[in-house]
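Numbering (our numbering), first residue to last: 883 to 1281.
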């Protein structure tokens, strides 16, 4: 039964990842009138995530109030409708509108899906649950650049948006049939000061900052590694495959990281610091000349984000009041999307003044500084319920 319930949630994660990255990875090589410069490319990459920045906390709180299931279903339907906008219009102006609509829709069903993953699984399995959910999203990241490239090659961006329309509608129907109603939990009154105090606690800020850095690197890798690949002499299929390697590495690492967390073999703090170091090294490798630099960047960034993502979400779920899980996930997703939107804009801005290598190097230095700060600061993992002083879960748990 649990697998049947989780299936549509995994499909929802796949949908947002595939939809975002199938388009993002192919905009850089799109020869249409909609993409005319690196700054325009950065704007289109950031638009989807900018909508999520504004709306995810709102929809997360709504999920706590009315239940996560209706927010999940409404978001998926809206995603299908937004995708249909460009599929029908097929003009540069409507591409911006469709990307904005997709981002707004994802801001509803993404935190709702995360909240349902936590609610439908016991705390002892949160590492594996979020690892599996992250694996499904990573499959979307993996297939997005390559399959999206094939769809764009066969029928342009319009065909890709047609596929996304069908995908969003199909997942919405599946979720309608398989995801159970999860009643909202009773809540005590929360003041603005209470919310600010909770969201400024180290147990929230630490994982959220790591997730934001990982997402920034992932978005930059998907959007700009194809540009670096073309500079290195790679063709469209080869650059799409290189970006898919990034997502494949993240997909392979996430379930293993989740299981290691649940069995007490890995602490959230240690795993996230190692992930940040790997991610920073990958961005630095992207500045190396030739295809080897692109491949090394894809492997290191993918492995780093694969470590950070399940550990960050499991730590957030453990620290969140159960009745405010949607709000916590939505607020954490806000941090992620700031990274997702800010990463491409930062790299594009620096690249417009220097070169693309300068953009990669700048983000690498910032993420490395974050890892160094995490190493120097006082350990805060003990503030997360269920973790010992080192941040590791206290011994193996029963299956």
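Using N, Cα and C, we set each Cβ at its ideal position, and we do this for glycine too.
Per-residue DSSP class, three states only, for residue i
i, result
"residue 1025", "helix"
"residue 913", "Residue placement at residue 913 cannot be trusted, given a pLDDT of 49 that sits under 50; what the coordinates show is reported in the next sentence. Coil at residue 913, not helix or strand."
"residue 1130", "helix"
"residue 1149", "coil"
"residue 833", "No answer is possible for residue 833: it lies beyond the span of the chain, which begins at 883 and ends at 1281."
"residue 1161", "helix"
"residue 939", "helix"
"residue 897", "helix"
"residue 890", "helix"
"residue 1047", "helix"
"residue 1081", "helix"
"residue 902", "helix"
"residue 1170", "coil"
"residue 1061", "coil"
"residue 1004", "coil"
"residue 1066", "coil"
Pairwise C-alpha distance: residue j and residue i
i, j, result
"residue 969", "residue 1055", "20 angstroms"
"residue 889", "residue 930", "25 angstroms"
"residue 1044", "residue 1240", "36 angstroms"
"residue 1181", "residue 1124", "9 angstroms"
"residue 891", "residue 1015", "8 angstroms"
"residue 1243", "residue 1066", "45 angstroms"
"residue 1186", "residue 1158", "6 angstroms"
"residue 1176", "residue 1052", "35 angstroms"
"residue 1140", "residue 1215", "19 angstroms"
"residue 1018", "residue 1135", "12 angstroms"
"residue 1254", "residue 972", "46 angstroms"
"residue 1208", "residue 1113", "43 angstroms"
"residue 1082", "residue 954", "27 angstroms"
"residue 937", "residue 989", "6 angstroms"
"residue 913", "residue 939", "Confidence at residue 913 is low in this model, with a pLDDT of 49, below 50, so its placement is unreliable and the value that follows should be read with caution. In a straight line, the C-alpha of residue 913 is about 36 angstroms away from that of residue 939."
"residue 1205", "residue 946", "7 angstroms"
"residue 944", "residue 1210", "12 angstroms"
"residue 996", "residue 1194", "12 angstroms"
"residue 1128", "residue 1232", "23 angstroms"
"residue 966", "residue 980", "8 angstroms"
"residue 1027", "residue 1075", "43 angstroms"
"residue 964", "residue 952", "18 angstroms"
"residue 1088", "residue 1152", "12 angstroms"
"residue 934", "residue 1147", "34 angstroms"
"residue 1099", "residue 1049", "26 angstroms"
"residue 1116", "residue 1130", "19 angstroms"
Limits of the unbroken alpha helix (DSSP H) element including residue i
i, result
"residue 1087", "1084-1113"
"residue 965", "950-971"
"residue 1001", "974-1001"
"residue 1219", "1207-1235"
"residue 1247", "1238-1258"
"residue 1178", "1173-1201"
Contact belief for residue i with residue j at Cβ below 8 angstroms, rounded distance in angstroms
i, j, result
"residue 1064", "residue 998", "6 angstroms"
"residue 961", "residue 984", "6 angstroms"
"residue 1144", "residue 1009", "4 angstroms"
"residue 1104", "residue 1229", "At roughly 12 angstroms, the Cβ-Cβ gap does not stay under 8 angstroms, so residue 1104 and residue 1229 are not in contact."
"residue 904", "residue 1042", "6 angstroms"
"residue 1038", "residue 897", "About 21 angstroms separates the two Cβ atoms, so there is no contact after all."
"residue 1189", "residue 1245", "That pair is no contact at about 18 angstroms."
Residue i CB to nearest heavy atom of the ligand PLP below 7 angstroms
i, result
"residue 1230", "For the ligand PLP, the structure offers nothing, since it holds no ligand at all."
Contact with chain C by residue i, beta-carbon distance below 8 angstroms
i, result
"residue 1036", "Looking at the structure shown, chain C is missing, and only one protein chain is on hand."
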